[in-house]
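Novice: Note that the protein sequences, when read in sequence, are chains Y and R. The first sequence runs contiguously to residue 268 in numbering that gives the first Met the number 0. The second sequence runs contiguously to residue 353 in numbering that gives the first Met the number 0. Glycine is no exception: its CB is placed at the ideal position from the N, C-alpha and C atoms. Please see the structure below; I have some questions.
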Amino acid sequence: MESSDPLNVEGLAVTLGGRKVVNDVSLAVKSGGWLSVIGPNGSGKSSLLRAIAGIIPAKGTVHFQGKDIMQLNAKLRAQTVSIVPQIPIVPPRVRVIDYVLLGRTPYLGRGFQPTREDIDLAEGVMAELDLEDMSDRFVTEMSGGERQRVIIARALVQQPKLLLLDEPTTALDMGHQQDVLELVDLQRKRLGITVLGAFHDLTLASQYGTSMALLVGGTVSKSGPAHEILTEESLREIYGAHVSIHKDGESVSIIPERRKGPKGTPNSD
Amino acid sequence: MGNKNHKKQGTPAELTYKLVVGASLILLSSILLSLLFGPVSIRGDRIFLEILNRIPGVSIDSGLSSIQAAIVWDVRFPRIILGLIVGGLLAVAGASYQGVFRNPLADPYLLGVAAGAGLGATIAIVTGATNGEGMFDALPIAAFLGSAIAVGITLVVGGAVGRSTSTASLLLAGVAVASLFTAIQTYIQQRESSTLRQVYSWILGRLSTSGWDEVVMILPYATISLAVMFSMRGALDVLAVGEEEALSLGIRPRRVRWIVIGAASLAAASAVAVSGLIAFVGIIVPHAVRLVVGASNRLVVPLSFFIGASFLILTDLLARTLQSPAELPIGVVTAFFGAPFFLFVLRRRSDGVI
Chain Y
0 MESSDPLNVE GLAVTLGGRK VVNDVSLAVK SGGWLSVIGP NGSGKSSLLR AIAGIIPAKG
60 TVHFQGKDIM QLNAKLRAQT VSIVPQIPIV PPRVRVIDYV LLGRTPYLGR GFQPTREDID
120 LAEGVMAELD LEDMSDRFVT EMSGGERQRV IIARALVQQP KLLLLDEPTT ALDMGHQQDV
180 LELVDLQRKR LGITVLGAFH DLTLASQYGT SMALLVGGTV SKSGPAHEIL TEESLREIYG
240 AHVSIHKDGE SVSIIPERRK GPKGTPNSD
Chain R
0 MGNKNHKKQG TPAELTYKLV VGASLILLSS ILLSLLFGPV SIRGDRIFLE ILNRIPGVSI
60 DSGLSSIQAA IVWDVRFPRI ILGLIVGGLL AVAGASYQGV FRNPLADPYL LGVAAGAGLG
120 ATIAIVTGAT NGEGMFDALP IAAFLGSAIA VGITLVVGGA VGRSTSTASL LLAGVAVASL
180 FTAIQTYIQQ RESSTLRQVY SWILGRLSTS GWDEVVMILP YATISLAVMF SMRGALDVLA
240 VGEEEALSLG IRPRRVRWIV IGAASLAAAS AVAVSGLIAF VGIIVPHAVR LVVGASNRLV
300 VPLSFFIGAS FLILTDLLAR TLQSPAELPI GVVTAFFGAP FFLFVLRRRS DGVI
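Now the structure itself:
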C-alpha cells in the first residue's frame, strides 16, 4: 500500500535573496500523522512549507507516496499538496462557492470550467465545515473565523494527501483557534490526510500534533514528541522566553512568566 | 453527502450559457436597430428581406434598388460588423488587463498601445503613405506596428518577462513609453500642420469602412486574440488570489500573465489599427458587466465581448445619426458616456465595492 508510505523530507534547502533560510532540513511524518513545526520568527518554518508547496524554489527531495513531489509539475503537485497560507489574498466580490471551487483548479481542463461533480464536491466539503448557508456571500464580508473555514474548505476541495498549514490560527481568537484545529484534525482522521503545520502557539502545537520538530536558524534542532521538545531550558535558550511548563502525561502546557527586572521583581507592587 | 440545498445553483457553465444567450440577444437587437438608420432612409422590412436574400441558398426579392442594396450590404453592414469586432476586442482586452493586473482601472491602451498607434498613424499620414482606404493601406499597418513596438518596449523594460512578481514596474514602464511616443507624435504632428486635421480625426476614432476590407483585415487577429483571452479567463480567476497561491493551486502565474498581456495587447493594437483611439470602451464595459454579474472572469470576459460589441454598435449609430449627414467622431460619443461612468466607478471603488 503506497498510502502507508511516510512523508520523507531530505536535505531540503531554500535560499532567498542570497540568504539560506532553510538549510538541509530532513523530516519524517508517518502517513496520516500530524507534524507541528515550531521555531522562533525567522527560523524558516514558513519557507519550509512554501518550498514543499512549490511556491518558492528549493533543493532537496520530498518523498511522499512513492514520488518525489519536488519533481512533479505544478498541476500534479497541486493535486497532492495543498496549503493554507499564512495571509491569504482574498479578492473582492468573490462568492464563497467560487472561492472554494478554486481548490479544483489542478483538476480542471484547459478552460478551467468546473463541472457538476466539482461543484458537488465543493458543496459537500462546505457542508462538512458548516458553510453551506454561506455559499453566496462574499468572502471579504465574513468574520475571521468564517473566513478561515472557507480557506480550509478550499484546501480540502483540492483533495490533498498532504495538507500544509502555515500558522493557520494567527489571526483568530482562542475559541476560533481551537475550532479550526479541531476541524483540521477531524478531517485528517476522516480522510487520512498527512498534516504538516507551522505554529507560533506552542501549547496548541503540542495539543494537536502527533509529533513535533523545532526549527532554529533554518535547521532542525530537535524532533520528537512534544513533551520532549518543549522544556523550560530549550524555550529560554531558543525563544529567549521565560516560561514554566506543566506536564500531565503527554500533554504540555506552557505558562509565560514575567521576567525579573534588574531592580527586583515586577510583581512586587 | 447529504445536501439539502433546495435551490440548487446552476454550474458556472450553465450560468454562463444563460447569460451569454441574453447578451447575444442584446447584440442582435443592436445590430438590427443599427441597420435601420442612416442618411439614406430605407424601409426596414426590405432591409431584413435583403439580409435574408444574402444567405446562401436563399433568394428573396427585397424590392430594394441595387444602390439601396449596396448601401445595406456594403456600407451599413460592414460598419456594424466592424463595430462589433472592435467593441468586443476592446472590452475583452480591458477585462483581461484588469484581471491580470488585479487593478479595476487598467485599460487596454495602458502599456503604450494608444501612443504607439498614434505615432504610427501620424507618420503614415504626414508622409502621405496612406493613399485612401483599403486592405493594403499603410495607415492601419503603421498604427499596428507602432503599438506593437510600444508594447514590446514596455514589456521588455517593465520586466514581465523577468522574475518580477510585481506589476507596478510594468505599469510605470507603460506610462514612460506612452509619454515618449506621444512626445514624438506631437512633435511630428505640429511640424506638419497641413495634416493636423487628418491626424486629429484619426486620434478621435472612427468606424469608417470601405466595403468589407477592414473586417477582413482585422478578423484573423481578432479571432486569435479572442480565442486566447477566452481560454485564459478561468486562469485569471485563479490569479486573483495572488501569484503565490496561484502557484500552490497548480497554475504558473508568470506564464498566464505573459499570454494574457500578449493577447490583450494584440487585440487592442488591431482594434486601434482599424478604428483609431476609441476611448473608454475597455474600462466601462467590463465594469458595467461586473456590477451585474460579480467579479468572476469566467462570466466577465465572455459577457464583455457581447456588451462591448453592442455598446460600440449603438454609439456608432449615435455618432453617425445625431448630426446626420455629418458624423461625430465615435471616440467623442463613447467618452461622453464613458467619462461620467468612469467617475461613478471610481467613487464606488473608494467605497471599497469594486
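1. Excluding the five sequence neighbours on either side, which residues of its own chain have a C-beta within less than 7 Å of the C-beta of Val242 (chain Y), listed in chain order?
2. Pick out whichever of R:Pro107, R:Leu342, R:Ala175 and R:Leu302 has its Cα sitting closest to the Cα of Ala22 (chain R).
3. Pick helix, strand or coil for His175 (chain Y), following the three-state DSSP scheme.
4. Can you find a CB in chain Y that lies within less than 9 Å of the CB of Leu313 (chain R)?
5. By Cβ distance below 7 Å, which residues in the same chain neighbour Ala123 (chain R) in space, the five residues on each side in sequence not counted?
6. Which residues in chain Y have a C-beta closer than 7 Å to the C-beta of Gly241 (chain R)? List them in chain order.
7. Does any residue of chain Y bring its CB to less than 9 Å from the CB of Ile202 (chain R)?
8. Is there a Cβ of chain R sitting closer than 9 Å to that of Arg18 (chain Y), yes or no?
9. Once the 5 residues before and after Arg109 (chain Y) are set aside, which same chain residues still bring their CB inside 6 Å of it?
10. What residues in the segment 65-98 of chain Y bring their beta carbon closer than 9 Å to a beta carbon of chain R?
11. How is Ile198 (chain Y) classed by DSSP in three states: helix, strand or coil?
12. Answer yes or no: does any C-beta atom of chain Y fall closer than 9 Å to that of Ile250 (chain R)?
13. Taking 8 Å as the cut-off, does the segment 161-179 of chain Y touch the segment 41-60 of chain Y (at least 3 CB pairs, one atom from each stretch)?
14. Is it true that the segment 143-154 of chain Y meets the segment 85-104 of chain Y, where meeting means three or more beta-carbon pairs spaced less than 8 Å apart?
15. Could you compute how far the alpha carbon of Leu120 (chain Y) sits from the alpha carbon of Leu155 (chain Y)?
16. Within 10 angstroms of its Cβ, does Thr153 (chain R) collect 16 or more other Cβ (buried), or is it exposed?
17. Taking 8 Å as the cut-off, does the CB of Lys19 (chain Y) come closer than this to any heavy atom belonging to the ligand HEM?
18. In this structure, how does DSSP classify Arg18 (chain Y) when only helix, strand and coil are distinguished?
19. What does Ala52 (chain Y) touch in chain R if you count any residue whose Cβ is under 7 Å from its own?
20. Quick one: grab the DSSP three-state call for Gly41 (chain Y).
21. Less than 8 Å between C-beta atoms, sequence neighbours within five positions excluded: which residues of the same chain meet that for Val112 (chain R)?
22. Is the CB of Thr104 (chain Y) under 9 Å away from at least one CB in chain R?
23. List the residues of chain Y that Gly293 (chain R) touches, going by C-beta distances under 9 Å, in chain order.
24. Identify each residue in the segment 180-202 of chain Y for which the Cβ-Cβ distance to at least one residue of chain R is less than 7 Å, and report them in chain order.
25. In angstroms, rounded to a whole number, what distance separates the CA positions of Gln78 (chain Y) and Gly216 (chain Y)?
26. Among residues of its own chain, excluding the 5 on either side of Thr320 (chain R), which ones have a beta-carbon nearer than 6 Å to its beta-carbon?
27. Distance check for Leu27 (chain R) and Ile306 (chain R), CA to CA, integer angstroms please.
28. Please compile the residues from chain Y whose C-beta is within a distance smaller than 9 Å of the C-beta of Gly233 (chain R).
29. I think Leu47 (chain Y) touches Leu34 (chain Y), with their Cβ atoms under 8 Å apart; what is that distance to the nearest whole Å?
30. Starting from Leu234 (chain Y), find everything on chain R with Cβ-Cβ shorter than 8 Å and list it in chain order.
31. CB-CB under 6 Å to Met0 (chain R), same chain, minus the five flanking residues each way: which ones, in chain order?
32. Within 9 Å of any Cβ in chain Y, is that where the Cβ of Val237 (chain R) sits?
33. Label Val251 (chain Y) either buried or exposed according to how many other C-beta atoms from any shown protein chain fall within 10 Å of its C-beta, with 16 as the threshold for buried.
34. Does Gly123 (chain Y) come out as helix, strand or coil in the three-state DSSP assignment?
35. How is the beta strand (DSSP E) around Val214 (chain R) delimited, first residue to last?
Specialist: The relevant details are as follows:
1. So the qualifying residues of the chain are Glu231, Leu234, Ile253, Ile254, Pro255 and Glu256.
2. In terms of CA proximity to Ala22 (chain R), R:Leu302 leads the group R:Pro107, R:Leu342, R:Ala175 and R:Leu302.
3. The answer is helix: DSSP assigns His175 (chain Y) an H, G or I state.
4. No, no contact with chain Y.
5. Thr129, Ala137, Leu138 and Ala141, listed in sequence order.
6. Here the neighbours are Ile88.
7. For Ile202 (chain R), the answer is no, since every Cβ of chain Y falls outside 9 Å of its Cβ.
8. Among the CB atoms of chain R, none fall inside 9 Å of the CB of Arg18 (chain Y).
9. Cβ neighbours of Arg109 (chain Y) beyond the five flanking positions: none.
10. The segment 65-98 of chain Y vs chain R, Cβ under 9 Å: Asn72, Ala73, Lys74, Leu75, Arg76, Ala77, Gln78, Val80, Ser81, Ile82, Pro84, Pro87, Ile88, Val89, Pro90, Pro91, Arg92, Val93, Arg94, Ile96, Asp97 and Tyr98.
11. The question names Ile, but residue 198 (chain Y) is Phe in the sequence shown. In this structure, Phe198 (chain Y) counts as coil in the three-state DSSP scheme.
12. Yes - at least one Cβ of chain Y is within 9 Å of the one on Ile250 (chain R).
13. The segment 41-60 of chain Y, when compared against the segment 161-179 of chain Y, does touch it at the 8 Å Cβ threshold.
14. Between the segment 143-154 of chain Y and the segment 85-104 of chain Y there are three or more C-beta pairs closer than 8 Å, enough to call the two in contact.
15. Separation of Leu120 (chain Y) and Leu155 (chain Y) (C-alpha to C-alpha, rounded to the nearest whole angstrom) is 10 Å.
16. The residue is buried, with at least 16 neighbouring Cβ atoms inside 10 Å.
17. In the structure shown, the ligand HEM is absent, as is every other ligand, since no ligand is present at all.
18. Correct three-state label for Arg18 (chain Y): strand.
19. Chain R residues near Ala52 (chain Y): Ser247.
20. DSSP places Gly41 (chain Y) in coil when its eight states are reduced to three.
21. If the five residues before and after Val112 (chain R) are omitted, its C-beta is found closer than 8 Å to the C-beta atoms of Ser146, Ala149, Val150, Ser264, Ala267, Ala268 and Val271, all from its own chain and listed in chain order.
22. Yes, Thr104 (chain Y) counts as interfacial toward chain R.
23. Here the neighbours are Arg92, Val93, Arg94, Asp97 and Phe137.
24. The residues in question: there are none.
25. It is roughly 31 Å from the alpha-carbon of Gln78 (chain Y) to the alpha-carbon of Gly216 (chain Y).
26. Around Thr320 (chain R): Phe36.
27. Each residue's alpha carbon lies about 11 Å from the other.
28. For the C-beta of Gly233 (chain R), the chain Y residues within less than 9 Å are, from N- to C-terminus, Thr104, Leu107, Arg109, Gly110, Phe111, Gln112 and Pro113.
29. With 8 Å as the limit, Leu47 (chain Y) and Leu34 (chain Y) do not qualify as a contact, their Cβ atoms being about 11 Å apart.
30. None at all; the shortest Cβ gap to chain R is about 31 Å.
31. Residue placement at Met0 (chain R) is flagged as unreliable, the pLDDT there being 39, under the threshold of 50; the coordinate-derived value follows with that caveat. Excluding sequence neighbours, Met0 (chain R) sits near nothing in its chain.
32. Interface residue, yes.
33. By the neighbour-count definition (other C-beta atoms within 10 Å, threshold 16), Val251 (chain Y) is a buried residue.
34. Gly123 (chain Y) carries a helical assignment under DSSP once its states are collapsed to helix, strand and coil.
35. Per DSSP, Val214 (chain R) lies in no beta strand (DSSP E); the unbroken alpha helix (DSSP H) holding it starts and ends at Asp212 to Ser230.
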